[in-house]
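Here's the structure, in structure tokens; my notes come after.
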Amino acid sequence: MQDKMFYKTLWKIRRYADDLAFERGESYKESEVEGNLLLNEGITVLQNLLTGGGGTAFNNANSYIGVGDSATAAAASQDGLQAATNKAYVAMEATYPQIAGQTTTWRAVFGSAVGNFDWNEFTVANGNSDAAGNLNRKVSGQGTKAAGQTWTVDVAITWS
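Using numbering that gives the first Met the number 0, you'd call the opening residue of the sequence shown number 0 and step up by one each time.
This is the structure we're talking about:
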């Protein structure tokens, strides 16, 4: 008999033409992308938190969603985003992350002056850089965010 832990990840990217469209909730495009790879460093943080070994929680005060322009394939040994320069980490929206049943959802809003480059990779981190504990990494080309646009990212992980 074998014990297994399963998880399912859903990334939602919403694109708004400008700040006013964001305030009105009028997105011009939404996409959903399934899956990701848990990074070894993120697994270690979870293990330490689970066993009382310390560490930085993935809570509202510490959690960030990062995006970058690298299309390098995800590997468990990576530390954060792989982009050399075009990357940004944005803090959580108020009340996030949220837990409903077995699902944890993080949300960040990339305002008009943040993350204006190709969006090819994503992560949830417990700090605002690659030096933080990055839980996961997803590679998926989502287009180019232009100056003046606001894009949001939701990451929902269901554990079972």
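All C-beta atoms in this analysis are idealised placements derived from N, C-alpha and C, irrespective of residue type, glycine included.
None of these values were measured; they are calculated from a predicted model.
Might you give, ordered along the chain, the residues of its own chain that have their beta carbon closer than 7 Å to the beta carbon of G147, omitting 5 neighbours on each side?
Position 148 of the sequence shown, counted from the start, is the residue given in the question as residue 147. Around G147: D17, S111.
Need the endpoints of the alpha helix (DSSP H) that E22 sits in, please.
Against the sequence shown, residue 22 aligns to sequence position 23. Element bounds for E22: 18 to 23.
Pull up the distance between the alpha-carbon of Y6 and that of T151, whole angstroms please.
Residue 6 sits at position 7 when you count from the first residue of the sequence shown. Residue 151 sits at position 152 when you count from the first residue of the sequence shown. Note on geometry: alpha-carbon atoms of Y6 and T151 lie some 22 Å from one another.
Run through DSSP, which three-state label would Q1 get?
If you number the sequence shown from 1, residue 1 lands on position 2. Under the three-state reduction of DSSP output, Q1 falls in the coil class, being neither helix nor strand.
Is DSSP giving T102 helix, strand or coil here?
One-based indexing of the sequence shown puts residue 102 at position 103. DSSP places T102 in strand when its eight states are reduced to three.
Between D117, G41, T157, which lies nearest to D68 when the distance is taken from Cα to Cα?
In the sequence shown, residue 68 corresponds to position 69, counting from 1. Closest by alpha carbon: D117.
Which same chain residues end up closer than 7 Å to S76 when comparing Cβ atoms and leaving out the 5 residues on each side of it in sequence?
Working through the sequence shown from its first residue, we reach residue 76 at position 77. If we look at S76 and ignore the five residues flanking it on each side, its Cβ neighbours are N39.
Taking L48 as part of the alpha helix (DSSP H), name the residues at either end of that continuous run.
Counting from 1 along the sequence shown, the entry for residue 48 is found at position 49. 39 to 49 is the span of the alpha helix (DSSP H), which, as asked, contains L48.
From the DSSP secondary-structure annotation, give me the bridge partner or partners of Q97.
The residue labelled residue 97 in the question sits at position 98 within the sequence shown. Q97 is bridged to T104.
Would you call the stretch 55 to 73 in contact with the stretch 120 to 135, where contact means no fewer than 3 C-beta pairs closer than 8 Å?
yes
Should M91 go down as buried or exposed, given a rule of 16 or more other Cβ atoms within 10 Å for buried?
Position 92 of the sequence shown holds residue 91. Classification of M91: buried, given that the 10 Å Cβ count is 16 or more.
Which one of L45, A155, G51, R14 has the shortest CA to CA distance from T102?
Your numbering for residue 102 matches position 103 in the sequence shown. Here the closest residue by C-alpha is A155.
Have a look at the DSSP bridge pairing and note the partners of T157.
Here residue 157 is taken as the residue at index 158 of the sequence shown, counted from 1. Paired residue(s): K7, T102.
Take the Cβ of I98 as the centre, count every other Cβ of all protein chains shown within 10 Å, and call the residue buried at 16 or more, exposed below.
The residue labelled residue 98 in the question sits at position 99 within the sequence shown. So I98 counts as exposed.
Which residues in the same chain have their Cβ closer than 7 Å to the Cβ of N35, if we skip the five residues on either side of it in sequence?
Position 36 of the sequence shown, counted from the start, is the residue given in the question as residue 35. Correct list, in chain order: T8, N135, R136, K137.
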